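Numbering (the working numbering), first residue to last: 33 to 510.
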Amino acid sequence: MSGTSAVPVVHGRVRTRIAPSPTGFLHLGTARTALFSWAFARHHGGEFVLRIEDTDVARSTQEAVGQILESMRWLGLDHDEGPIYQMQRLDRYREVTERMLGEGSAYRCYATPDELEAMREAQRARGEKTLYDGRWRPEPGKTLPPIPEGVAPVIRFHNPPDGVVSWDDLVKGPITISNREIDDLVIVRADGVPTYNFAVVVDDWDMRISHVFRGDEHVNNTPWQINMFHALGAPLPVFAHVPIILGDDGQKLSKRRGAVSVTAYEEEGFLPEAMLNYLARLGWSHGDEELFTREQMIAWFDGSHLAKHPAQWDGAKLAWVNAHYLKGLRDDSLLALAKAQLFRRGIVPADDAALLRASLVFRDRCNTGADLADWLAMLLADVSPSADDVARYVGNSVRPALATLAGKLETVEWAALAINGAVKETLAAHGLKMPQFAPAVRVLVCGRVQTPSLDAVLALFPRVTVLARLRAASPASL
Ligand code: GLU
33 MSGTSAVPVV HGRVRTRIAP SPTGFLHLGT ARTALFSWAF ARHHGGEFVL RIEDTDVARS
93 TQEAVGQILE SMRWLGLDHD EGPIYQMQRL DRYREVTERM LGEGSAYRCY ATPDELEAMR
153 EAQRARGEKT LYDGRWRPEP GKTLPPIPEG VAPVIRFHNP PDGVVSWDDL VKGPITISNR
213 EIDDLVIVRA DGVPTYNFAV VVDDWDMRIS HVFRGDEHVN NTPWQINMFH ALGAPLPVFA
273 HVPIILGDDG QKLSKRRGAV SVTAYEEEGF LPEAMLNYLA RLGWSHGDEE LFTREQMIAW
333 FDGSHLAKHP AQWDGAKLAW VNAHYLKGLR DDSLLALAKA QLFRRGIVPA DDAALLRASL
393 VFRDRCNTGA DLADWLAMLL ADVSPSADDV ARYVGNSVRP ALATLAGKLE TVEWAALAIN
453 GAVKETLAAH GLKMPQFAPA VRVLVCGRVQ TPSLDAVLAL FPRVTVLARL RAASPASL
């Protein structure tokens, strides 16, 4: 364990977690963090915990929980404990709050939102940073304001006013932040629900989390969290803040710039093993390896070689990785993918064996399951060749040959070899070359100019379909 050997493992065991907030689909960034946490736990023979951070009651939904669990299952990131829901742990947070109030590391604050806004306004006017001014913080010799009627207090953490918070981030290296930069944050809202920064500390402590992998948007929260760990006498986990993922355009990967949910990629017919392989390389490397299995990732992911700089999303590379896994897919999985993708288009294929045969012919030309379904749909649904293609490829010079071929295909044995013979005889009879003729057949039967080998593709169709499509080109002459 090269990357972590210097750090003693708290609680004596590697335990990691992913803690998504169920306010939407599983974001690709969260999926990558989940992958790192999972692989790290698996590498060390430790445990991986799934925790649902649902304390933002207004924005959390059961539907999002379901989607997150489904995406985790689809990716194969199996957890050893959970899902643990924070909203089911309110008693525990209350217990810790009581203890902190008793020990003086937390206090009630009765300042109203209006009052706090006025405070910040005044600070801004003075050109100061807007920090809570400690008006309700108990201090020796200080007289607190009288408790106002009818104001439900929040509870604030008594953050140390001086000194610094330092930690050695597994990704970013040593980080130090002055306590003067941060204020006494609210840890329990007026309605009794804890805030993220508090619940996360109690949970990571209770769940004996040894290594916290998360997005680096949380770096600024970490000093508070560390101070709370200290206030509670809890051992500190190792923090690993993973840089953000930038979109193709160099901006933060976001919904406005395309698909950011795992679900969207599943729907598009990407494969979970390809997603994992691709996500792993966003901010982590093992030499020059680009394609590796889940088992290799576990063997290699020891917490070292995590990049400090943001990762760049590259849709073309993901497509390439997916195409690689598609080529190696087992027959039953390929069939399942084909069926699922066709089903999404309202096509329910009747013949599994025929569908598999066709999928095996087309998969080398596909990046995704959606690409595969594009090919398969020409076998199972009507095709409509574009007028341009017909005008360009199905000219008078080939129409008589199309009629000849249709005639031959009526009786020939329905297999690639025999179909190939019929095509060759047709070419010879009309003095045509393959490149003059094959595009016409492809456009009419397949609705496209490029396909795998013509005879192999024609053999995938029912004979009647091929005849009907060839003859539809020119009913009078064929
Ligand atoms: N619920 C937080 C999020 O989704 C988790 C942060 C953490 O891992 O501490 O960003």
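Idealized CB from N, CA, C, for every residue including glycine. None of these values were measured; they are calculated from a predicted model.
- The C-alpha of Phe245 is placed about 20 angstroms away from the C-alpha of Thr55.
- Per DSSP, the continuous beta strand (DSSP E) segment holding Val186 begins and ends at Val186 to Phe189.
- Pro269 counts as buried, since no fewer than 16 other beta carbons sit within 10 angstroms of its beta carbon.
- If you ignore the 5 residues before and after Val233, its C-beta comes within less than 8 angstroms of the C-beta of Gln257, Met260, Phe261, Leu264 and Ala266, all in its own chain and listed in chain order.
- Taking C-beta atoms as the reference points, Arg221 and Val183 fail to come closer than 7 angstroms.
- Relative to the non-hydrogen atoms of the ligand GLU, the Cβ of Ser53 comes within a distance shorter than 6 angstroms of at least one.
- In the structure shown, the three-state DSSP call for Tyr139 is strand.
- Taking C-alpha positions only, Asp165 is separated from Arg83 by approximately 34 angstroms.
- Between the segment 190–197 and the segment 210–226, the count of Cβ pairs shorter than 8 angstroms is three or higher; the stretches touch.
- Around Arg64, the same chain offers Leu311 and Leu314 as residues with beta carbons nearer than 6 angstroms, after the five sequence neighbours per side are excluded.
- Taking the Cβ atoms as the reference, Leu67 lies roughly 6 angstroms from Leu308, within the contact range of under 8 angstroms.
- Annotation: Gly114 is outside any alpha helix (DSSP H); the continuous beta strand (DSSP E) that includes it extends over Glu113 to Tyr117.
- The three-state secondary structure of Glu127, taken from DSSP, is helix.
- In this structure Pro275 touches His341 by the C-beta definition: roughly 6 angstroms separates them, less than 8 angstroms.
- DSSP, reduced to helix, strand and coil, places Ser210 within a strand of the structure shown.
- Note that the segment 96–108 does not touch the segment 329–336; fewer than 3 beta-carbon pairs, one per stretch, sit closer than 8 angstroms.
- With a cut-off of 8 angstroms on Cβ pairs, the segment 290–304 is in contact with the segment 366–383, counting three or more such pairs.
- Between the segment 376–385 and the segment 472–479 there are fewer than three inter-stretch CB-CB distances shorter than 8 angstroms, so the stretches are not counted as touching.
- Distance from the CA of Pro467 to the CA of Arg91, rounded to the nearest whole angstrom, comes to 59 angstroms.
- Between Phe57 and Ala138 the beta-carbon gap is near 35 angstroms, outside 8 angstroms, which marks them as no contact.
- Of the residues assessed, Asp200 falls on the exposed side of the cut-off, its CB having fewer than 16 other CB atoms within 10 angstroms.
- The alpha-carbon of Val225 is positioned some 17 angstroms away from that of Pro145.
- Taking 4 residues as the minimum length, the alpha helix (DSSP H) runs contained wholly in the segment 264–305 are 294–299, in order along the chain.
- According to DSSP, Val251 shares a beta bridge with no other residue.
- Two segments are said to touch when three or more pairs of C-beta atoms, one from each, lie closer than 8 angstroms; by this definition the segment 354–371 touches the segment 386–393.
- For Asp487, no beta strand (DSSP E) segment is defined; the enclosing uninterrupted segment is the alpha helix (DSSP H) at Leu486 to Leu492.
- Sequence-distant Cβ neighbours of Arg397 in its own chain, meaning closer than 8 angstroms and more than five residues away, are Asp403, Trp407 and Pro484.
- Excluding residues up to 5 positions away in sequence, Trp446 lie with their Cβ nearer than 6 angstroms to the Cβ of Arg495 in the same chain.
- Along the length of the segment 58–126, whole alpha helix (DSSP H) runs at least 4 residues long occupy 60–75 and 94–107, reported in chain order.
- As a beta-bridge residue in DSSP terms, Gly205 pairs with Asp201.
- Linking Phe324 to Leu101 through their CA atoms gives a straight-line distance of about 25 angstroms.
- The Cβ atoms of Ser69 and Thr87 do not sit closer than 7 angstroms to each other.
- Relative to the non-hydrogen atoms of the ligand GLU, the Cβ of Arg246 comes within a distance shorter than 6 angstroms of at least one.
- DSSP, read as helix, strand or coil, puts Trp316 in strand.
- Thr62 and Asn191 have their C-alpha atoms roughly 29 angstroms apart.
- Annotation for Val232 indicates a beta carbon within 6 angstroms of some heavy atom of the ligand GLU.
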